[in-house]
Amino acid sequence: MRRPAAPVILPKPSKSPPSERMHHRAIKSLGVVLTSYVLAACPPPPPSRGTSSNTASSTSSGGSRRPRENDTPTTPPPTRRAGAVSGTIAHPPEGVTAITTQCAADRAETCNGLDDNCDGVIDNNCGYQSGGIQITASWRGAADIDLRVTDPAGAEVYFGSRTSPSGAQMDMDANGECTPTRPTAENIRWSTQTPPPGEYQIKVAAFDLCGAENASATFSVSVGGRVVGAWTVPFTYPRQEYIFPLTVR
Ligand SMILES: [Ca+2]
Ligand SMILES: [Ca+2]
């Protein structure tokens with residue numbers, strides 16, 4: 001009953017005689033030994049960054065094949081950030097204080113103007129969204145604090161003009177004309193993962209303290225899925241304004 005199964009397939013080896021096969025097998029296993037020896041002798045693993053061109057050229061062809069295989073699996077993380085834009089705020093204005101509290105992956109996200117859980121999204125599930133750029137100001141109290149962003153093309157996004165041709169959207173506006181709203185936050189974001197590169201100007205301003213003596217906002221910026229920075233922004237009188245220059249590449 002099992003006659004057909006095993007023996008019928010055997011003819012294939014006729015392409016190369018048994019002796020030759022053994023020869024190949026020996027060469028193969030020698031190659032594996034040599035390859036693993038070369039890999040073991042190789043210094044650090046440059047392949048992970050995908051910039052193996054320099055080092056790969058100095059190794060044999062057997063050594064350069066491996067990095068390529070490794071490069072493929074390491075490619076997905078960057079594509080998850082789709083667009084991979086990055087941002088910097090090199091010169092925050094005077095009077096603000098950088099928030100150095102570190103986020104943690106296992107921390108619960110709260111609506112506080114910070115990326116508590118380290119996923120690059122400021123205030124997950126707080127009623128406003130993130131994207132290639134997310135700019136958020138969050139505060140407590142009745143003060144009417146405004147967020148305004150001017151994009152590289154000169155278009156300003158604020159409560160009076162909530163979208164821009166470059167893809168911005170103001171999806172949270174709070175305490176306008178001293179009318180309390182929840183959450184008390186303003187949020188402007190570019191939903192696309194590829195917002196235009198260039199110089200952005202962000203204004204965090206107190207329009208009216210609405211009877212309070214002072215106010216303090218927590219202000220965060222996230223670009224390309226990474227938080228660029230977070231600051232405490234103090235206000236002691238209305239029409240007080242702080243300007244944060246943001247560079248997006
Ligand atoms: Ca978050
Ligand atoms: Ca938060």
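Taken in order, the sequence shown gives residues 1 to 249; the numbers are from the working numbering.
Don't be surprised by glycine CBs; every beta carbon is placed ideally from N, CA and C.
Sequence-distant residues of its chain with Cβ nearer than 7 Å to residue i (five each side left out)
i: D116; result: C103, R107, A108, E109, T110
i: D171; result: Y128, Q129, N187, R189
i: P238; result: A206, F207, D208, L209
i: G211; result: A142
i: T232; result: V96, T97, I99, S216, T218
i: Y200; result: V149, T150, D151, P152, L246, V248
Residues bridged to residue i (per DSSP)
i: S216; result: P234
i: D106; result: According to DSSP, D106 bridges with nothing at all.
i: R174; result: The residue asked about is misnamed: residue 174 is Ala in this sequence, not Arg. None; A174 has no bridge partner.
i: F244; result: I202
i: T268; result: Any property of residue 268 remains undetermined from this structure, which presents the chain solely from 1 to 249.
i: D208; result: D144
i: S222; result: Q134, V227
i: T88; result: T247
i: I122; result: According to DSSP, I122 bridges with nothing at all.
i: N112; result: According to DSSP, which records beta bridges pairwise, N112 is partnered with nothing at all.
i: R189; result: Q134, Q169
Where residue i falls, given that 16 or more other Cβ within 10 Å makes a residue buried
i: G87; result: buried
i: A174; result: buried
i: T101; result: exposed
i: S138; result: buried
i: T184; result: buried
i: S161; result: exposed
i: P195; result: buried
i: T218; result: buried
i: A143; result: buried
i: P92; result: buried
i: A5; result: Note on A5: pLDDT 43, under 50, position unreliable in the model; the coordinate value appears next. Its Cβ having fewer than 16 others within 10 Å, A5 is exposed.
i: P78; result: Confidence in P78 is poor, its pLDDT being 35 and thus under 50, which makes the residue's placement unreliable; the coordinate value appears in the next sentence. Burial call: exposed.
i: G225; result: buried
i: V228; result: buried
i: A153; result: exposed
i: A105; result: exposed
i: A230; result: buried
i: A168; result: buried
Cβ shell of residue i (< 6 Å), same chain only, five flanking positions each side left out
i: G113; result: T136, S138, T218, S220
i: Q240; result: A206
i: I27; result: The predicted position of I27 is uncertain, since its pLDDT is 39 and thus under 50; no value can be drawn from it.
i: Q134; result: I122, R189, S222
i: P234; result: S216
i: T163; result: Q169
i: D146; result: A205, F207
i: P197; result: V248, R249
i: K203; result: R148, E241, I243
i: F159; result: D173
i: V157; result: V149, S164, A168, M170, I188
Residue i CB to nearest heavy atom of ligand 3 below 7 Å
i: N112; result: Absence of ligand 3 is noted for the structure shown, with ligand 1 and ligand 2 being the only ligands found.
Chain-order list of residues whose beta-carbon lies under 8 Å from that of residue i (same chain, five-residue window excluded)
i: A90; result: P245, T247
i: S191; result: Q129, G131, G132, G167, Q169
Beta carbon nearer than 7 Å to a non-hydrogen atom of ligand 1: E109, D115, D116, N117, C118, D119, G120, V121, I122, D123, N124
Within the stretch 128 to 171, ranges of the beta strand (DSSP E) (whole runs, at least 3 residues): 133 to 139, 144 to 150
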